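**Student:**
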Amino acid sequence: MLAETERLLEFDKIVRLLSGYTQTGTGRDRALALAPLDNDTAIRQSLTEVSEVVTLLETSSAPSLGGLFDLKEVLAALRVEGAWLDVEALQAVLSSLEVAASCRQYFRQPNNVPELSALLDELDPLISIAASIRSCIDERGDILDSASVELARTRREINSLRLSVRQEMEEMLNSERFSGALQDRIVTERSGRYVLPVKADFKGQVRGFVHDTSATGQTLFVEPEQTLEKNNRLQSLLSEEKQEELRILQELSWLVAEERQQILINQEILTHLDLRVASGKFARACGGQVPHLVAEPIVDLRAAVHPLLLFASDGRPEAGPVVPIDLKVGADRSVLIMSGPNTGGKTVALKTVGLLLLMLRAGLPVPCHPDSRLHLFSRLFADIGDEQSIEEHLSTFSGHLTRLSRILKEADDDSLVLFDEAGTGTDPGEGAALIIAAVDSLRERGSKVVLTTHLNLLKGYAQLHDDVENAAVEFDPDTLRPTYRLHYGIPGESGAFTIARHYGLPEDVLARAESYLGTGEQEGRELISRLNELVRVLEAERSEASAELESARRERNKRKTLLREVEEQKSELLNKALRRGEQLVREAEREVRELLSRADQVERLPEQAEVVSAVKGVGEKLKQARKPVAETKKQVKNTEPGEILKVATLGVDGEVVEVAGNKVELNVQGKKMRLTLDKVEQYSPRRFAAKKNTATVRGKVERDRFDPRLLLVGKRVDAAVPELERFLDDALLEGVSEVEVVHGSGEGILRKAVREHLAAHRGVTAFHGAGPNQGGENVTIVEMRAK
Numbered sequence: 003m004l005a006e007t008e009r010l011l012e013f014d015k016i017v018r019l020l021s022g023y024t025q026t027g028t029g030r031d032r033a034l035a036l037a038p039l040d041n042d043t044a045i046r047q048s049l050t051e052v053s054e055v056v057t058l059l060e061t062s063s064a065p066s067l068g069g070l071f072d073l074k075e076v077l078a079a080l081r082v083e084g085a086w087l088d089v090e091a092l093q094a095v096l097s098s099l100e101v102a103a104s105c106r107q108y109f110r111q112p113n114n115v116p117e118l119s120a121l122l123d124e125l126d127p128l129i130s131i132a133a134s135i136r137s138c139i140d141e142r143g144d145i146l147d148s149a150s151v152e153l154a155r156t157r158r159e160i161n162s163l164r165l166s167v168r169q170e171m172e173e174m175l176n177s178e179r180f181s182g183a184l185q186d187r188i189v190t191e192r193s194g195r196y197v198l199p200v201k202a203d204f205k206g207q208v209r210g211f212v213h214d215t216s217a218t219g220q221t222l223f224v225e226p227e228q229t230l231e232k233n234n235r236l237q238s239l240l241s242e243e244k245q246e247e248l249r250i251l252q253e254l255s256w257l258v259a260e261e262r263q264q265i266l267i268n269q270e271i272l273t274h275l276d277l278r279v280a281s282g283k284f285a286r287a288c289g290g291q292v293p294h295l296v297a298e299p300i301v302d303l304r305a306a307v308h309p310l311l312l313f314a315s316d317g318r319p320e321a322g323p324v325v326p327i328d329l330k331v332g333a334d335r336s337v338l339i340m341s342g343p344n345t346g347g348k349t350v351a352l353k354t355v356g357l358l359l360l361m362l363r364a365g366l367p368v369p370c371h372p373d374s375r376l377h378l379f380s381r382l383f384a385d386i387g388d389e390q391s392i393e394e395h396l397s398t399f400s401g402h403l404t405r406l407s408r409i410l411k412e413a414d415d416d417s418l419v420l421f422d423e424a425g426t427g428t429d430p431g432e433g434a435a436l437i438i439a440a441v442d443s444l445r446e447r448g449s450k451v452v453l454t455t456h457l458n459l460l461k462g463y464a465q466l467h468d469d470v471e472n473a474a475v476e477f478d479p480d481t482l483r484p485t486y487r488l489h490y491g492i493p494g495e496s497g498a499f500t501i502a503r504h505y506g507l508p509e510d511v512l513a514r515a516e517s518y519l520g521t522g523e524q525e526g527r528e529l530i531s532r533l534n535e536l537v538r539v540l541e542a543e544r545s546e547a548s549a550e551l552e553s554a555r556r557e558r559n560k561r562k563t564l565l566r567e568v569e570e571q572k573s574e575l576l577n578k579a580l581r582r583g584e585q586l587v588r589e590a591e592r593e594v595r596e597l598l599s600r601a602d603q604v605e606r607l608p609e610q611a612e613v614v615s616a617v618k619g620v621g622e623k624l625k626q627a628r629k630p631v632a633e634t635k636k637q638v639k640n641t642e643p644g645e646i647l648k649v650a651t652l653g654v655d656g657e658v659v660e661v662a663g664n665k666v667e668l669n670v671q672g673k674k675m676r677l678t679l680d681k682v683e684q685y686s687p688r689r690f691a692a693k694k695n696t697a698t699v700r701g702k703v704e705r706d707r708f709d710p711r712l713l714l715v716g717k718r719v720d721a722a723v724p725e726l727e728r729f730l731d732d733a734l735l736e737g738v739s740e741v742e743v744v745h746g747s748g749e750g751i752l753r754k755a756v757r758e759h760l761a762a763h764r765g766v767t768a769f770h771g772a773g774p775n776q777g778g779e780n781v782t783i784v785e786m787r788a789k
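Numbering of the sequence shown is given in the numbering used here, commencing with residue 3 and proceeding in unit increments.
1) May I ask which residues mark the beginning and end of the alpha helix (DSSP H) holding tyrosine 108?
2) Indicate the three-state DSSP secondary structure (helix, strand or coil) for asparagine 669 in the structure shown.
3) To the nearest angstrom, how far is it from the Cα of serine 449 to the Cα of arginine 381?
4) Asparagine 775 to valine 781, Cα distance in whole Å?
5) Give me whichever residues DSSP pairs with serine 417 in a beta bridge.
6) What do you reckon, are the CB atoms on leucine 58 and valine 115 nearer than 8 Å?
7) Please report the residue range of the beta strand (DSSP E) in which arginine 195 lies.
8) Compute the Euclidean distance between the alpha carbons of proline 367 and tryptophan 86, then round it to the nearest angstrom.
9) Cα separation between arginine 757 and glycine 773?
10) Using only the heavy atoms of the ligand FMN, determine whether one of them is closer than 7 Å to the beta carbon of leucine 240.
11) Is the Cβ-Cβ distance between leucine 647 and valine 658 less than 8 Å?
12) Mapping DSSP to helix, strand and coil, what is leucine 295?
13) Tell me which same chain residues have a C-beta within less than 6 Å of the C-beta of arginine 711, skipping the five on either side of it?
14) Excluding the 5 residues flanking arginine 187 on each side, which residues of the same chain have their C-beta closer than 7 Å to its C-beta?
15) Can you tell me which residues form a DSSP beta bridge with proline 369?
16) So, for arginine 168: in the same chain, excluding its five sequence neighbours on each side, which residues have a beta-carbon less than 6 Å away from its beta-carbon?
17) Please report the residue range of the alpha helix (DSSP H) in which isoleucine 751 lies.
18) Distance, Cα to Cα, glutamate 683 vs alanine 554?
19) Among Leu230, Gly210, Ala755, Lys205, which residue has its Cα nearest to the Cα of threonine 800?
20) Please go through the segment 425-461 and give each complete alpha helix (DSSP H) segment of 4 or more residues, from N-terminal end onward.
21) Starting from aspartate 510, follow its DSSP beta bridges and name the residues at the other end.
22) Just how far apart, CA to CA, sit leucine 668 and arginine 286?
23) With arginine 32 and leucine 277 assumed to form a contact (beta carbons below 8 Å), what rounded beta-carbon distance in angstroms separates them?
24) Grab me the residues of glycine 771's own chain with a C-beta within less than 8 Å of its C-beta, minus the 5 sequence neighbours each way, in chain order.
25) Could you tell me whether the Cβ atoms of isoleucine 492 and leucine 460 are closer together than 8 Å?
26) Which residue comes first and which comes last in the beta strand (DSSP E) that contains proline 493?
27) Which class does lysine 348 belong to by DSSP, given the choice of helix, strand or coil?
28) How about the segment 289-308 and the segment 343-356: do they share at least three Cβ pairs that are nearer than 8 Å?
29) For leucine 128, report the span of its alpha helix (DSSP H) as first-last.
30) With distances taken Cα to Cα, identify the nearest neighbour of lysine 348 among Tyr486, Ala133, Gly401.
31) In whole angstroms, give me the CA-to-CA distance for histidine 759 and valine 723.
32) Flag this pair as yes or no: are the beta carbons of leucine 34 and valine 55 separated by less than 8 Å?
33) Around the Cβ of arginine 566, are there at least 16 other Cβ atoms within 10 angstroms (buried) or fewer (exposed)?
34) Starting from glutamine 684, follow the beta strand (DSSP E) in both directions and report where the run begins and ends.
35) Assuming contact is defined by CB atoms lying nearer than 8 Å, are glycine 332 and alanine 474 in contact in what I supplied?
36) Spell out a yes or no on whether the segment 234-250 and the segment 147-157 are touching, meaning 3 or more CB-CB pairs, one atom from each, closer than 8 Å.
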């Protein structure tokens, strides 16, 4: 019954649209023959491959497959002994091998499509065969002179002999002896031999062999006896050329025959790839997604669209708006009964469910929200449309019963059953009763059912069972067109009188029609109408609330953005302040060096005291300049060992020891604490614990103790001398009388440079190598000038 279901749901139109995206004849045939698969593993594999194509097409163009030919019949002919391929067939083989080579190269590029790449594992472009064909046949289909030595030699002799024959015959044309006998002064060909056009009346004047006569009989085409021998030789050479060409084609055909099986494997792989690429393009055109495929027998479609509504009649994607639907059945809802006006909305919703399921089972992504959930029901049944058949003597009702009988025979607990306008074509009461009984049977065996109806008895049936639910299909009373929105929990009104009034039926007729309705029927209609009006009001309020919520969300995002910009501006200001502080430090250091230079030149004690006082003042400036700029604290997003964070609840700082996910281990006053990131704050600009063994000027100013030992071992002279200069300046500021400079021995270059600098420094009074127990000549002891 699956074939009939595919026809009723118009799956054939989907595969025709799909075939329009293929690049090859074999791919098009494969697309048109596409059918839903029975194996869930194969379905998931197909969907994965197509999803990879969609991903690939987002960043690059599809691989080119247009040069692939169907070679099955060509290769089958080679099974006959002595058979060979003509030039056209060999060109088709070459083109297909070139497509294989191109695809192999395409998928060797880095990409995130492992399943597609695996498809090509068995693809072999047979490079040597392709090269052989390419070296023998050009793009126009001519066999090249270079195809063989013998062919090249024969063709050279043919060209030379042709030239000789033509020259000899042209001499005859220009001869006075034959001037009156020739119809035209041209050399032409007949039966592959060079001839002269001779007037019939002068036949005896040009001796030779007559090959042809003009239509009028006035001209004879004569091969002169002078060129007869050369023409015979030319014919012989042309025959040899044909024989050599045939030998070359046979040799190439033999090479192809040897790899016949691999060429067929290539064709199968590339045809499969063409279908997958076409499926990916089709998915992009219709917004196809792969929903969550679940084991539980449910349909939970969100923002689903009937795919045929997205394309124009010529197959091009349609740009017009299409309202998506949300449809749920399964879990605690075994049956969904959709009702509403007879304006097409119910049937479209019903067909959408069935068609999307067929497409997924065929390996095609479907137009819906990716958060949709769908079970791959193993059986899908549909009873849709008017199945009258004059040939089979079936009425509409008989057609429905025939399908219903098949459904009740075959449906099981892994079946989805779709009924359109169930119970019609006969007495409404009896028809509704039959459908209710059938639905009861399907519920008992675990099938899931979606049906559309106008019958009130079926609408009431949903109120009697917890696992059966009504859904009203909304329509616009002004335009009388469906909106395709479903309102769950209430039945839909058919709206026959409203639609009739819109189409101009007289009011007196409508009033009389309403009077024929029973009291209960009228009350039921009025109740449904009030319910639907209430739903419309609630929907309008919900839309308004959603709009306000979205506005509030946008405002909140705007404020977040503004706050982030303010934080960035604040950070930039802090960085500028830090850079200014660094500039002040450099200026203060320069001022210290100038003051010390003055102190070295001043001899009177009062003036020296002034300089020392100025030095202390600059030292205070350095301390002020190196004070941290006012810090702010912010939420921790990422951190690293060594950073100083603030424990918000305790108001103390701690050094990061280890980071693990959203937790951090801190050293707080010598004790380990493990906290989540939301319990700590980060300074802005970020602060880090001071590194050990630093020897920069800034470090010396900030530390309480000055290290009188400078380590320069392993440093180059151009780096060591400036560091020595800063070290000596700091020693003077600290009032140290003696310091040590460790420079090592090596080749003595660094030691010599250090001592030359010490000799020239105004704050050094003396220096000498250390004693044997202090490092000897590896260390220089420096005596400093007192403050």
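Note that the Cβ used here is the ideal one computed from N, Cα and C, for glycine as well.
Keep in mind it's a predicted model, so treat the numbers as computed, not measured.
**Tutor:** In short:
1) As a position in the sequence shown, residue 108 is number 106, starting the count at 1. 89-108 is the span of the alpha helix (DSSP H), which, as asked, contains tyrosine 108.
2) For the purposes of this step, residue 669 is taken as residue 667 along the sequence shown, with counting starting at 1. If DSSP states are grouped into helix, strand and coil, asparagine 669 belongs with the strands.
3) Locating residue 449 in the sequence shown gives position 447, where the first residue counts as 1. Locating residue 381 in the sequence shown gives position 379, where the first residue counts as 1. For serine 449 and arginine 381, the distance between alpha carbons rounds to 10 Å.
4) The residue labelled residue 775 in the question sits at position 773 within the sequence shown. The residue labelled residue 781 in the question sits at position 779 within the sequence shown. Looking at the two C-alpha atoms, the distance is approximately 11 Å.
5) Taking the first residue of the sequence shown as 1, we reach residue 417 at position 415. Serine 417 is bridged to Arg381.
6) For the purposes of this step, residue 58 is taken as the residue at position 56 of the sequence shown. For the purposes of this step, residue 115 is taken as the residue at position 113 of the sequence shown. Yes. Within cutoff.
7) Position 193 of the sequence shown, counting from 1, holds the residue named residue 195. Residues 195-201.
8) Translated into the one-based positions of the sequence shown, residue 367 becomes position 365. Translated into the one-based positions of the sequence shown, residue 86 becomes position 84. Their backbone Cα atoms lie some 45 Å apart in a straight line.
9) Locating residue 757 in the sequence shown gives position 755, counting from the first residue. Locating residue 773 in the sequence shown gives position 771, counting from the first residue. One C-alpha to the other measures close to 16 Å.
10) Of ligands this structure carries none, so the ligand FMN is not represented either.
11) Counting from one through the sequence shown, the residue named residue 647 turns up at place 645. Counting from one through the sequence shown, the residue named residue 658 turns up at place 656. Yes, the Cβ-Cβ distance between leucine 647 and valine 658 is below 8 Å.
12) Working through the sequence shown from its first residue, we reach residue 295 at position 293. Strand.
13) By one-based count along the sequence shown, residue 711 stands at place 709. Within the same chain, Glu742 come within 6 Å of arginine 711 by CB-CB distance, once the 5 residues on both sides are set aside.
14) The sequence position of residue 187 within the sequence shown is 185, counting from 1. Around arginine 187: Leu175.
15) As a first step, residue 369 must be located in the sequence shown, where it is residue number 367. Bridge partners of proline 369: Gly290.
16) On the sequence shown, position 166 is the one that residue 168 refers to. These residues qualify, in order along the chain: Val189.
17) Sequence index remark: in the sequence shown, residue 751 carries index 749 (1-based). That run of the alpha helix (DSSP H) goes 751-762.
18) Indexing the sequence shown from 1 puts residue 683 at position 681. Indexing the sequence shown from 1 puts residue 554 at position 552. So the alpha carbons of these two residues sit roughly 29 Å apart.
19) With the chain represented from 3 up to 789, any question about residue 800 goes unanswered, as that position is not in the structure.
20) 430-447
21) As a first step, residue 510 must be located in the sequence shown, where it is residue number 508. Beta-bridge pairing links aspartate 510 to no other residue.
22) Mapped onto the sequence shown, residue 668 falls at position 666. Mapped onto the sequence shown, residue 286 falls at position 284. Between leucine 668 and arginine 286, the C-alpha separation is close to 51 Å.
23) As a first step, residue 32 is located in the sequence shown; it is residue number 30 there, counting from the start. As a first step, residue 277 is located in the sequence shown; it is residue number 275 there, counting from the start. Their Cβ separation, rounded to whole angstroms, is 5 Å, which keeps arginine 32 and leucine 277 in contact under 8 Å.
24) Taking the sequence shown and counting its residues from 1, the one referred to as residue 771 is at position 769. Result list for glycine 771: Gly778, Glu779, Val781, Thr782, Ile783, in chain order.
25) Translated into positions along the sequence shown, residue 492 becomes position 490. Translated into positions along the sequence shown, residue 460 becomes position 458. No, Cβ-Cβ distance for isoleucine 492 and leucine 460 is not below 8 Å.
26) Numbered from its first residue, the sequence shown carries residue 493 at position 491. Careful: proline 493 lies outside any beta strand (DSSP E) and carries neither H nor E.
27) Here residue 348 corresponds to residue number 346 of the sequence shown, with the count starting at 1. In this structure, lysine 348 counts as helix in the three-state DSSP scheme.
28) Short answer: they touch.
29) Within the sequence shown, numbered from 1, the residue matching residue 128 stands at position 126. Where leucine 128 is concerned, there is no enclosing alpha helix (DSSP H), given that its DSSP letter is neither H nor E.
30) Reading the sequence shown from its first residue, position 346 is the one you call residue 348. Comparing Cα positions, the closest option is Tyr486.
31) Numbered from its first residue, the sequence shown carries residue 759 at position 757. Numbered from its first residue, the sequence shown carries residue 723 at position 721. In a straight line, the C-alpha of histidine 759 is about 8 Å away from that of valine 723.
32) In the sequence shown, the residue the question calls residue 34 occupies position 32. In the sequence shown, the residue the question calls residue 55 occupies position 53. Not closer than 8 Å, so no.
33) Taking the first residue of the sequence shown as 1, we reach residue 566 at position 564. Exposed is the call here.
34) Counted from its first residue, the sequence shown places residue 684 at position 682. Annotation for glutamine 684: the continuous beta strand (DSSP E) segment containing it runs 682-690.
35) Residue mapping note: residue 332 aligns to position 330 of the sequence shown, counting from 1. Residue mapping note: residue 474 aligns to position 472 of the sequence shown, counting from 1. In this structure, alanine 474 does not lie closer than 8 Å to glycine 332 by Cβ.
36) yes
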